[in-house]
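Read the structure below first, then the notes.
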Amino acid sequence: MANQPKRLKVRNDDPRKLFIILEDASLELAKVGKKVELLCSDKHRNFLSRRKDPLNYRPDITHQCLLMLLDSPLNKAGLLEIYIHTVKNVLIRVHPQTRIPRTFERFVGLMSKKLLSVNIKILICNVVTLPFCIKFCIFSLCLNLVQLLSKLSIRATGSPETLLKVIKNPVTNYLPVGCKVYATSFHAERLVNIREIVPQAEPVAIVIGALPHGSTLPEYSEEVLKISNYPLSAALTCAKVCTAFEENSKHLGQCLKLATGSPLSA
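Quick note, the numbering used here runs 7 ahead of the 1-based positions in the sequence shown.
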């Protein structure tokens with residue numbers, strides 16, 4: 008068997024490392040008919056039009072961003088860390104060696120499985136505050152669901168690695184000390200060449216809105232940047248940011264010689 012190249016191990020506080028936060032990702036489950044499904048504007052337009060704006064439900068944007076980010080040389084060099092923060096305040100850490108399904112339908116199945124397990128955990132946590140008699144009945148009903156949770160974690164096939172892990176908010180808990188956090192927005196006053204913020208002495212985090220229109224400006228961002236005179240899709244923003252960091256990192260050429268081994272699939 009041919010030797011596979013080893014993945015470079017990079018510390019969280021490495022000044023070359025880039026943290027990408029996909030903010031306001033539309034990953035919401037709902038019971039449609041007899042099934043629990045990930046809501047999508049194309050597939051569930053009639054269901055959504057009764058109460059909500061269908062145009063806001065675009066999980067395909069998150070899918071496109073993840074494909075671009077995980078395929079990037081920056082990620083393969085071990086210099087990228089990805090977080091997803093959904094509109095429902097669920098924070099997900101993406102393992103850098105995750106192989107996201109290439110088709111959207113398979114991606115929907117993967118995320119539905121993960122988010123369903125999260126909703127079950129939230130239900131069980133909320134039960135603790137109820138009176139004992141009600142609590143006992145609900146715990147009895149949820150017993151099989153608790154056992155099911157261990158089967159619903161998204162792990163790599165043939166590996167103990169957790170590919171998609173729900174973690175506790177806020178995302179700033181997982182950023183290194185001194186990490187500069189930028190948000191991107193077409194409406195920002197300052198137009199910059201993204202290469203200008205490539206870190207030299209401290210890590211950088213960039214917030215990219217995984218939403219179809221508008222901007223996301225979280226409170227934890229320190230500065231808002233405009234990287235183009237034209238509105239860009241979230242996936243294209245991810246591409247431009249990664250390319251800028253790849254071309255300007257002093258050590259990236261050396262890192263890429265240690266190309267990653269095979270990605271892990273769910």
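Just so you know, even glycine gets a beta-carbon here, dropped at the ideal spot from N, CA and C. Computed from a prediction, not measured in an experiment: that's the story for all the values here.
DSSP lists GLU44 as the beta-bridge partner residues of ALA37. One Cα belongs to ARG197, the other to ASN180, and the distance between them is close to 28 Å. Taking 7 Å as the cut-off, the Cβ atoms of ILE201 and ALA251 count as close. In the DSSP assignment, GLU30 falls within the beta strand (DSSP E) that extends over 25 to 32. In the three-state DSSP reduction, VAL188 falls in the strand class (E or B). Shown here, ALA241 sits in a helix according to DSSP, grouped into three states.
Where LYS83 is concerned, the enclosing alpha helix (DSSP H) starts and stops at 80 to 83. Contact check between the stretch 216 to 234 and the stretch 23 to 39: three or more CB pairs, one atom from each, fall below 8 Å, which counts as touching. Assignment of TYR227 by DSSP, reduced to helix, strand and coil, places it in the coil class. ARG109 is classed as exposed because its beta carbon has fewer than 16 other beta carbons within 10 Å across all chains shown. HIS194 and ARG65 have their C-alpha atoms some 22 Å from each other.
Check the Cα spacing between ALA208 and each of TYR90, SER192, GLY185 and LEU243: the tightest is with GLY185. When rounded, the separation of the alpha-carbon atoms in SER119 and SER222 is 26 Å. In this structure, the alpha-carbon of LEU81 lies about 43 Å from that of ARG57.
Between LYS172 and ARG100, the CB-CB gap stays under 7 Å. Residue state for ARG100 is assigned as strand, using DSSP reduced to three classes. Excluding the 5 residues flanking it on each side, ALA190 has same chain C-beta neighbours closer than 6 Å at VAL214, LEU224, SER228 and VAL231, in chain order. With contacts defined by Cβ atoms closer than 7 Å, LYS95 and GLU35 form a contacting pair.
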